[in-house]
Amino acid sequence: MIKFNINTTKNLLAFSGGIDSSALFFLLLNENIPFDIAIVNYNQREQSKDEVAYAKELANKYNKKCFLKEAVLTNNSNFEKEARDIRYDFFDKIIKEYDYDTLITAHQLNDKLEWFMMQLSKGAGLVELIGLEEKTQKDNYVIYRPLLELSKEELQIFLQKNNHKYFIDESNYDEKYKRNYFRKNFVNELIKEYKDGIKNSFKYLKNDIESLNLNHEAIYKHEDLEIFTNHQDENLNIKIIDKSLKRRGILLSNAQRNEIIRQREITISDKINISISNEYIYICPKVINTMDKKFKEICRVLKIPKNIRAYLFEKDIEVKELFI
Numbered sequence: 098m099i100k101f102n103i104n105t106t107k108n109l110l111a112f113s114g115g116i117d118s119s120a121l122f123f124l125l126l127n128e129n130i131p132f133d134i135a136i137v138n139y140n141q142r143e144q145s146k147d148e149v150a151y152a153k154e155l156a157n158k159y160n161k162k163c164f165l166k167e168a169v170l171t172n173n174s175n176f177e178k179e180a181r182d183i184r185y186d187f188f189d190k191i192i193k194e195y196d197y198d199t200l201i202t203a204h205q206l207n208d209k210l211e212w213f214m215m216q217l218s219k220g221a222g223l224v225e226l227i228g229l230e231e232k233t234q235k236d237n238y239v240i241y242r243p244l245l246e247l248s249k250e251e252l253q254i255f256l257q258k259n260n261h262k263y264f265i266d267e268s269n270y271d272e273k274y275k276r277n278y279f280r281k282n283f284v285n286e287l288i289k290e291y292k293d294g295i296k297n298s299f300k301y302l303k304n305d306i307e308s309l310n311l312n313h314e315a316i317y318k319h320e321d322l323e324i325f326t327n328h329q330d331e332n333l334n335i336k337i338i339d340k341s342l343k344r345r346g347i348l349l350s351n352a353q354r355n356e357i358i359r360q361r362e363i364t365i366s367d368k369i370n371i372s373i374s375n376e377y378i379y380i381c382p383k384v385i386n387t388m389d390k391k392f393k394e395i396c397r398v399l400k401i402p403k404n405i406r407a408y409l410f411e412k413d414i415e416v417k418e419l420f421i
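Heads up: the sequence shown runs through residues 98 to 421, numbered per our numbering.
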């Protein structure tokens, strides 16, 4: 049904008990791929208790570790973002503490098309439109999405054919959430009618991106500081910045992208400082620190942007030895 592109032995599966993650659980088992599971209970539905119990049951039956996060959501205006932040903070902590190499998620073809249409409706470029990739490199692990060429319907058929249990989350039908609106009104029917064409289009788009050589790497990296070459192309520069921030868990809005290009030196989400100089793009965490006069003078001479200097000072980076 699927050929897995994975060779790591310390793998963590993001599990929910729904169609996608339940199918992925058994597909991984069938291929003898080692993994443990992690589940978040947001305590929004009575059924979530049964989903947690199912996760524990599977873990016990198949000798897997099961990590559980009990969460309480407080941001009613942006439920999906808060839930995602809680979920990935939880995964990050587990991965760091137990040295996992790969986070496996159950995103599938319907999710990929949902993402595409949501980005299209907001105004997005090529990279953002096909943002869900098979593998995404984070700082200390890889996110692996092996189901992107399979539809939710195909996964459900697999579960039913093999008599595997799964749950249906009724909140997925609530159209107050934008994703559900696109899913119900567009995505499911498009996948049902044009699945093969949609899969091929995503392949062609990926090939186009690779042909455009957009995967530029940092020319200097130290901890959370990245420095890239300024390519003298605003579109390409913003793609580089966007990719760096995605690795840091920040998704840029179209308005933020425009502000980065306009201001050239900016703080995003009160967390990350970005500066675009004539030659370089600098990206690092926001730091507030008192620097001595000698250090500030060295930075001035070397034309290091002001909003980058405090991070260099705090991390004791020898600026004279940079590539500059």
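For each residue, glycine too, the CB sits at the ideal point set by N, CA and C.
Residue pairing from DSSP places S372 in a beta bridge opposite E362 and Y379.
In the structure shown, the three-state DSSP call for N160 is coil. Annotation: K300 to K209 spans about 12 angstroms, alpha carbon to alpha carbon. Judged by beta-carbon spacing, I369 lies beyond the 8 angstroms limit of I378, meaning their Cβ atoms are not closer than that value.
Under the three-state reduction of DSSP output, A221 falls in the coil class, being neither helix nor strand. For V224, the CB contacts under 6 angstroms within the same chain, skipping 5 residues up- and downstream, are K336 in chain order. Ranking T364, K273 and L409 by CA distance to the CA of C396 puts L409 first. When DSSP reads this structure, Y241 sits in a beta bridge with I201 and K232. The three-state reading of DSSP puts K262 in coil, since its state is none of H, G, I, E or B. Taking D367 as the centre and dropping the five residues before and after it, the same chain places the C-beta of K383 closer than 8 angstroms to its C-beta, in chain order. For the pair of segments examined, the region 247-255 was found to touch the region 286-294: the number of CB pairs separated by less than 8 angstroms reaches three. Approximately 6 angstroms separates the beta-carbon atoms of E272 and K281; this is inside 8 angstroms, confirming the contact. Annotated three-state conformation of N108 is strand, per DSSP. DSSP places N269 within a helical segment (H, G or I) once states are collapsed to three. Sorting I365, D330 and R184 by C-alpha distance to the C-alpha of Y139 places R184 at the top.
When secondary structure is reduced to three states using DSSP, V149 falls in the helix class.
Excluding five sequence positions before and after H313, the CB atoms of its chain that fall closer than 6 angstroms to its own CB belong to I337, given in chain order. Distances from the alpha-carbon of G228 to those of L126, Y238, R242 and F188 put R242 closest. For the set A120, K162, S119 and D196, the Cα lying nearest the Cα of K107 is the one of D196.
Its chain contains E323 and I380 as the residues whose beta carbon lies nearer than 6 angstroms to that of S341, once the 5 sequence neighbours on both sides are disregarded; these appear in chain order.
With respect to the C-alpha of K193, the residue from K262, N237 and K158 having the closest C-alpha is N237. Assigned with DSSP and collapsed to three states, A168 falls in coil, not helix or strand. CA-CA distance, K391 to I405, rounds to 16 angstroms. Note on geometry: alpha-carbon atoms of Q234 and D198 lie some 11 angstroms from one another. Judged by DSSP in its simplified three-state form, F132 adopts coil rather than helix or strand. By alpha-carbon distance to E177, the top candidate from Y274, E231 and S218 is Y274.
Boundaries of the beta strand (DSSP E) around F325: L322 to T326. Sequence-distant Cβ neighbours of F255 in its own chain, meaning closer than 7 angstroms and more than five residues away, are M98 and A120. DSSP places K193 inside the alpha helix (DSSP H), whose first and last residues are F176 to Y195. Taking each of K412, W212, N207 and S372 in turn and checking the Cα distance to D293, the smallest one comes out for N207. Taking C-alpha positions only, N334 is separated from Y151 by approximately 46 angstroms. DSSP lists E167 as the bridge partner or partners of N138.
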